[in-house]
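Asker: Below: one structure in structure tokens.
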Amino acid sequence: MEPGARVQLPVSPQFEHGLLVDTAALRLADTALVRRDLGYVGTGVSTLTVTNPTDAPGRALLLGGAPFGEQIVMWWNFVGRSHDEIIAFRDAWQHESDRFGRVDGYRGALARLPAPPLPHGRILPRGNP
């Protein structure tokens, strides 16, 4: 978001939503959020108002909405449809595939954070409650 910008995002009131702030300090309705904060909005809201009150560009990720229509498999930083997809994603990550883009700003001891070893069993889908 540009500095001083204000956007209104239409969302389905049937579902919960979250705004994960990546850069700058943003406002979700009347709530101030800083980097790494997750602003939560429950059901019943049809518009999210996001403001960037700072003089620096801001970036956030909007989460929520209708659940996936299929079961998903989640492991580490990957979300797929099957155990085999997760294996392929991990392999691509380990080989620094362009699929995942560049990781800028990571200041750890390693140039790129490696994925942990896969579990010994199959990774199963999570069911929708």
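Following the numbering used here from start to finish, the sequence shown increments by one per residue and tops out at 151. Just so it is clear, CB atoms sit at the ideal spot from N, CA and C, and this is done for glycine as well.
1. My output table needs one value for Ile-94: the three-state DSSP class, helix, strand or coil.
2. Is the distance from the Cβ of His-39 to the Cβ of Leu-83 below 8 angstroms?
3. How many angstroms separate the CA atom of Leu-50 from the CA atom of Ala-78?
4. Counting along the chain, where does the beta strand (DSSP E) carrying Asp-106 start and finish?
5. Are the CB atoms of Thr-69 and Gln-36 within a distance shorter than 8 angstroms?
6. If you compare alpha carbons, which of Glu-118, Pro-147, Gly-127 is closest to Pro-136?
7. Do Ala-27 and Asn-74 have their beta-carbon atoms positioned less than 8 angstroms apart in this structure?
8. Alpha carbon to alpha carbon, how far is Ala-114 from Leu-42?
9. Under the three-state reduction of DSSP, which class applies to Phe-100: helix, strand or coil?
10. Assuming Ala-54 contacts Thr-76 under a Cβ cut-off of 8 angstroms, what Cβ separation, rounded to an integer in Å, is found between them?
11. Output yes or no for whether 8 angstroms exceeds the beta carbon distance between Val-125 and Ile-108.
12. What residue ranges within the region 30-55 form continuous beta strand (DSSP E) runs of no fewer than 3 residues, ordered along the chain?
13. Out of Ala-88, Arg-81, Gly-61, Ile-145, state which residue places its alpha-carbon closest to the alpha-carbon of Pro-25.
Answerer: Concretely, from the data shown:
1. For the purposes of this step, residue 94 is taken as the residue at position 72 of the sequence shown. Strand.
2. Residue 39 sits at position 17 when you count from the first residue of the sequence shown. Residue 83 sits at position 61 when you count from the first residue of the sequence shown. In this structure, the beta-carbon distance from His-39 to Leu-83 does not fall below 8 angstroms.
3. Start at 1 with the first residue of the sequence shown, and residue 50 comes out as number 28. Start at 1 with the first residue of the sequence shown, and residue 78 comes out as number 56. Looking at the two C-alpha atoms, the distance is approximately 17 angstroms.
4. Here residue 106 is taken as the residue at index 84 of the sequence shown, counted from 1. Following the DSSP letters along the chain, one finds Asp-106 in no beta strand (DSSP E) but inside the alpha helix (DSSP H) bounded by residues 105-116.
5. Along the sequence shown, one-based indexing puts residue 36 at 14. Along the sequence shown, one-based indexing puts residue 69 at 47. No, the Cβ-Cβ distance between Gln-36 and Thr-69 is not below 8 angstroms.
6. If you number the sequence shown from 1, residue 136 lands on position 114. The shortest C-alpha separation from Pro-136 is found at Glu-118.
7. Counting from 1 along the sequence shown, the entry for residue 74 is found at position 52. Counting from 1 along the sequence shown, the entry for residue 27 is found at position 5. The beta carbons of Asn-74 and Ala-27 sit closer together than 8 angstroms.
8. Indexing the sequence shown from 1 puts residue 114 at position 92. Indexing the sequence shown from 1 puts residue 42 at position 20. Going from the Cα of Ala-114 to the Cα of Leu-42 covers about 26 angstroms.
9. As a working mapping, residue 100 is identified with position 78 in the sequence shown. In the structure shown, Phe-100 sits in a strand (DSSP, three-state: E or B).
10. Translated into the one-based positions of the sequence shown, residue 54 becomes position 32. Translated into the one-based positions of the sequence shown, residue 76 becomes position 54. Not really, about 11 angstroms apart at Cβ, beyond 8 angstroms.
11. Within the sequence shown, the letter at position 103 stands for residue 125. Within the sequence shown, the letter at position 86 stands for residue 108. No, Cβ-Cβ distance for Val-125 and Ile-108 is not below 8 angstroms.
12. As far as the region 30-55 is concerned, its whole beta strand (DSSP E) runs of at least 3 residues are 39-45, 48-50, 53-55.
13. Along the sequence shown, one-based indexing puts residue 25 at 3. Selected option, being the one with the closest Cα: Arg-81.
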